[in-house]
Amino acid sequence: FMSRWTIFMFIPTMCALLQPVETTSAHMFCGFISAATARLTVSPSSSQLFKDDFVSLSCEEDDSSAGWTLMRNTSRETRSQCGDEFGRLDGSSCVISHIVLLDSGVYWCESREGAISNMVNLTVTGKLSVWMILQSPVLPVMEGDDVTLLCKTKTTPSNLPAAFYKDGSLIRKQPTGHMTIQHVSRSDEGLYKCDISGHGESPSSWITVTGDTLTCLCFCKKHTTTPPPTSTPPPTSTPPPTSTPPPTSTPPPTYTLPPTSGLSLTSSSASFVPGLLPVLLTVASACAAMLR
């Protein structure tokens, strides 16, 4: 499921699954919900760049009326805006034709109301001793996707044998300078770098693995029942019946478990079905406890 879609499912009679309560019915709504925002994209898609490279940064907007602007923080500038202190505006993109070392920093999109997008940390390499970068995804990677890392040098072909490291430990040596991680999971999240013998080591890049957040809302209803009358001997004398108004109908009380109770699960399309079970069990236990 893509995070920008909202998908609801109706799952009846699951709230009281663990500790069922007599005369109780329950329903649960679950959905993937995300607020409209902007996403910062970088072309080429790499958080590491060589000095004098061309780079284009764009704010992909879900709400164009919010007035998103590209901002950055560097060692030299704080909260500078594209078109004023750096780069040039080209339609909805910010273009830096010849990036330099001082362009290293954190970039993001910001709306007029102060909302911000994802942040991207760009590192520019220009020293002769480290003319090497690790080309890796700028944006968070969805669970289940494949990720390719490329170890690149400025002055030599990019198909040289390379070693790849995660969190400082060697994970693989590849003969052609690139490595693919298939079906990434949360355990693949971390700090990656590479080196090529005789050419040095790249800076490190953080790779984030993410999924959709599942939020559940549980509605539990406890029904009142009237026990059947007990058998009694008929009275010796029956008084004349008195006229009484019919009893008023009282709706059964409804108990609502708000979604702020921590009943959420991070899942992706690949792991959604098995990942839903812990949520159902947690909601069931909480709902049953409320109805006691």
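The sequence shown runs -23 to -1, 1 to 269 under mature numbering (1 follows the signal peptide of the UniProt record, and there is no 0). Ideal Cβ positions, reconstructed from N, Cα and C, are used throughout, including at glycine.
First and last residue of the uninterrupted beta strand (DSSP E) at residue i
i	result
D172	167 to 173
residue 273	Outside the displayed span of the chain (-23 to 269) sits residue 273, for which this structure offers no information.
C86	82 to 87
R49	46 to 51
S74	Looking at the DSSP string, S74 is not in any beta strand (DSSP E), and its letter there is neither H nor E.
D29	Neither: D29 is in no beta strand (DSSP E) and is coded neither H nor E.
S179	Element bounds for S179: n/a, residue is neither H nor E.
F141	139 to 143
V19	15 to 20
T133	First-last for T133: undefined, no H or E at that position.
T100	97 to 102
I110	109 to 112
L147	146 to 151
Rounded straight-line distance, which links the Cα of residue j to that of residue i
i	j	result
V101	S22	14 Å
G188	Q58	31 Å
S122	T153	Note that residue 122 corresponds to Asp in the displayed sequence, not to Ser. Rounded to the nearest angstrom, the two C-alpha atoms are 22 Å apart.
L168	I184	6 Å
E178	H155	14 Å
E166	A139	20 Å
T14	E37	9 Å
V118	R163	10 Å
F63	V97	16 Å
C128	M109	7 Å
S52	S24	17 Å
S146	T133	26 Å
L66	G60	6 Å
D172	L99	19 Å
T46	Y142	35 Å
A12	G91	With a pLDDT of 48 at A12, under the threshold of 50, the modelled position of that residue is not reliable, and no figure is offered here.
G175	L137	11 Å
V19	I76	13 Å
V(-3)	E120	With a pLDDT of only 43 at V(-3), under the threshold of 50, the placement of this residue in the model should not be trusted; the figure read from the coordinates follows. Rounded to whole angstroms, V(-3) to E120 spans 37 Å at the Cα level.
T55	Q151	40 Å
D144	L126	15 Å
W149	G103	Per the sequence shown, residue 149 should be read as Arg rather than Trp. In a straight line, the C-alpha of R149 is about 26 Å away from that of G103.
L111	G44	33 Å
V32	P180	18 Å
V186	R89	29 Å
Residue burial classification, residue i (beta-carbon count within 10 angstroms, cutoff 16)
i	result
T130	buried
E87	buried
D30	buried
G239	Any reading at G239 needs caution, since the residue's pLDDT is 37, under 50, leaving its predicted position unreliable; the model's value is listed next. Per the 10 Å Cβ criterion, exposed.
S81	buried
K170	buried
V161	buried
Contact belief for residue i with residue j at Cβ below 8 Å, rounded distance in angstroms
i	j	result
residue 313	S182	As displayed, the chain neither begins before -23 nor continues past 269, which places residue 313 out of reach and without an answer.
R49	V83	6 Å
S35	S74	Actually they are not in contact, since the Cβ atoms of S35 and S74 sit about 15 Å apart, beyond 8 Å.
V124	I158	5 Å
K28	L78	6 Å
residue 270	W85	Any property of residue 270 remains undetermined from this structure, which presents the chain solely from -23 to 269.
One or two residues paired with residue i in a DSSP bridge
i	result
V161	Its beta-bridge partners do not exist; DSSP assigns none.
D67	S70
L126	M156
L34	V19, C71
S57	R49
V118	V186
Below-7 Å beta-carbon distance, residue i vs any chain B residue
i	result
M119	No chain B is present in this structure, which holds just one protein chain.
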